[in-house]
Structure formats: C-alpha cells, structure tokens
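**Student:** Below: one structure in structure tokens.
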Amino acid sequence: KLPNVKIIGVRDWNKRVGTVSLDFESIDNAEVSFILDSEYGIMTRCGLHCAPLAHQTLGTYPQGTVRFAFGHKNTEEDVEYAVSAIRKNLVIARRLLRKKRAAAFSFLLQKQQKRRGILAKKQPRHLRRKKRPRIHRPRS
Numbered sequence: 004k005l006p007n008v009k010i011i012g013v014r015d016w017n018k019r020v021g022t023v024s025l026d027f028e029s030i031d032n033a034e035v036s037f038i039l040d041s042e043y044g045i046m047t048r049c050g051l052h053c054a055p056l057a058h059q060t061l062g063t064y065p066q067g068t069v070r071f072a073f074g075h076k077n078t079e080e081d082v083e084y085a086v087s088a089i090r091k092n093l094v095i096a097r098r099l100l101r102k103k104r105a106a107a108f109s110f111l112l113q114k115q116q117k118r119r120g121i122l123a124k125k126q127p128r129h130l131r132r133k134k135r136p137r138i139h140r141p142r143s
C-alpha cells in the first residue's frame, strides 16, 4: 500500500494482466514518469493512452495515469525495484513540492548530471534569473 497512489482497474489480481496503471494524487503523473525514467531507468507511459473517454469513466481525466507494462521477462525483483523507486519518488516529491516546479526539475537535472559526472556550467535559459532593466536617467 502506497500513500496517495491509486491503482486503477479491477481489484481482483486474478482478473488482471501485466499492465498496471497508477494515479498519483500528491504529484503530477508526468513528473513521476520523468523521475522514474531519469533516476531509476524505469520506462513507463504517462497520460491518457489514446483513451480519454475511458479515463473520464475511471475518474482520471484530464491528468491520466502512469502505466507500467510488465512482461514475461520481468521478475519479482523488477516489480519490487519499481515499488521501492515509487516510494523513494514520493518522499522526494513531498520535499520538492515545497519548491517551485522549475527549481525541482533543476534539482533533479543537477543530481543526474552529478551522478553521470557531467556538471552543467550554466543553468538552462528558462531557469536563469532575469536581470532588471536599467532605467537611464538624464544627468543633471
């Protein structure tokens, strides 16, 4: 059981397939999908999955869901790794929600670059602090 995470679909696990859709209530689903891919190497699909009417019926419209597709090559360890990544992701998300979203993405990007040994010298243009325009006053 994960806090603020809803499993979408049939509750009986005997009637399910290897596709699991989750709806994260405390963080944007697209951010969860991005973090899982960039930080943990877990590929998911995020959004309405070409079925907006189905999502309206399920109550996940317009945010959609994060979809995991497990196959015959995935092991129980893979599933446990995904669940532990989601738990860690929720802890990080609670901390980052206090900050602005741009700062959160900047933090994750810097963390990823440090891990890879690449440290950006400049921040992306959209995250740079804007300079105040100078007011030219005539000298007296």
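If you're matching positions, the sequence shown starts at 4 in the numbering used here and goes up one per residue.
For every residue, glycine included, the Cβ atom is placed at its ideal position computed from N, Cα and C.
1. Going by DSSP, what residue range makes up the beta strand (DSSP E) through residue 25?
2. Start and end of the beta strand (DSSP E) containing residue 33?
3. Quick one: what's got a C-beta closer than 6 Å to residue 51's C-beta in the same chain, skipping five residues either side?
4. Give me the Cα-Cα distance between residue 54 and residue 13, rounded to the nearest whole angstrom.
5. Using CA coordinates, which residue listed in 73, 81, 91, 80 is at the minimum distance from residue 22?
6. Quick one: give me the first and last residue of the beta strand (DSSP E) that residue 68 is part of.
7. Pick helix, strand or coil for residue 2, following the three-state DSSP scheme.
8. Should residue 24 and residue 11 be called a contact, given that it needs their Cβ atoms to be closer than 8 Å?
9. For the beta strand (DSSP E) that contains residue 19, what are its first and last residues?
10. Taking only heavy atoms of the ligand MG into account, decide whether any of them is closer than 7 Å to the Cβ of residue 26.
11. Consult DSSP for residue 118 and reduce its assignment to one of helix, strand or coil.
12. Taking the alpha-carbon positions, what's the residue 94 to residue 7 distance?
**Tutor:** By the coordinates alone:
1. That run of the beta strand (DSSP E) goes 22-27.
2. Not the beta strand (DSSP E): residue 33 falls in the alpha helix (DSSP H), residues 32-43.
3. Within the same chain, residue 51 has close Cβ partners 58, 67.
4. Approximately 17 Å, taken between the alpha carbons.
5. Nearest of 73, 81, 91, 80 to residue 22, Cα basis: 73.
6. In the DSSP annotation of this structure, the continuous segment of the beta strand (DSSP E) that includes residue 68 starts and ends at 68-72.
7. As displayed, the chain neither begins before 4 nor continues past 143, which places residue 2 out of reach and without an answer.
8. Closer than 8 Å, so yes.
9. From DSSP, residue 19 is part of no beta strand (DSSP E); its letter is neither H nor E.
10. The model depicted lacks the ligand MG and carries no ligand whatsoever.
11. Helix, per DSSP.
12. Between residue 94 and residue 7, the C-alpha separation is close to 11 Å.
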